[in-house]
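Novice:
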Amino acid sequence: MRIESWRLAPADAGDAGRLALVGAASFLDGFAGIIGGDAMVAHCATKHNAEYYRDLLAPEGSKAWLIEAVPGGAPLGYCVLTAPDLPVAGEGDLEVKRIYTLSQLHGSGAGAAMMAAAIHAAREAGAKRLMLGVYAGNERAIGFYRKYGFEPVGKRQFTVGDQVCDDLVLAMTL
């Protein structure tokens, strides 16, 4: 079922449970068949729980947005903008630390709305560059980011269970 009606809303630490729910669902949806089931469940329990998102949004300057279904307000996607935690980040950089939507929203404009909000907020904060990490095998997401001018600037690895995955680090000049 494709969801046709949604809205973009600012989010904060009080929305941590909603962010965690969408984060875990999106991670499972995106990595099923790539990462083993037990490893995915364990990863979601630690990297997609409410406490993780409260901590992510705690630093001053961190921002988040939720995509919510209309009507009803069910969380369908989110984007978080934070200080960077990337190996090639420098002074004046900010990071899109996850921009996830449920697959029913792909092609709906929800990702574009969140990216526009993140770019606007990064410019308002005086950032010089906006960065993000993306799974190297996620061609759909890489194509999406390239439309905004993101280019590869490095690589990093992340571990889920005993599986090591490769990320591309992308950046765009603001």
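All residue numbers for the sequence shown refer to full-length UniProt numbering, where the first residue is 1 and numbers rise by one. Just so it is clear, CB atoms sit at the ideal spot from N, CA and C, and this is done for glycine as well.
1) How should K97 be labelled, buried or exposed, when 16 other C-beta atoms within 10 angstroms of its C-beta is the threshold for buried?
2) Give every residue of the same chain whose Cβ lies closer than 8 Å to the Cβ of A127, excluding the five residues on either side of it in the sequence, and list them in chain order.
3) Is the beta carbon of G36 sitting closer than 9 Å to the one on G137?
4) I'd like the list of long-range same chain contacts for R56, defined as Cβ closer than 7 Å, with 5 residues on each side in sequence excluded.
5) With DSSP collapsed to three states, give me the class of G133.
6) Is it the case that the Cβ atoms of G77 and M115 are separated by a distance below 9 Å?
7) When you compare each of G133, V134 and D15 to A58 by their alpha carbons, which one comes out closest?
8) Can you tell which of H120, I142 and G143 has the C-alpha that lies nearest to the C-alpha of A64?
9) What ranges does the beta strand (DSSP E) occupy inside the UniProt domain "N-acetyltransferase" (25 to 174), keeping only unbroken runs of at least 3 residues that lie completely in it?
Specialist: On the basis of the coordinates in this document:
1) buried
2) G92, D93, L94 and L174
3) no
4) Reading the sequence as shown, one finds Leu at residue 56 and not Arg. Only S62, V80, T82 and K97 meet the Cβ criterion.
5) strand
6) no
7) D15
8) H120
9) 63 to 69, 75 to 82, 93 to 101, 129 to 135, 151 to 160 and 163 to 173
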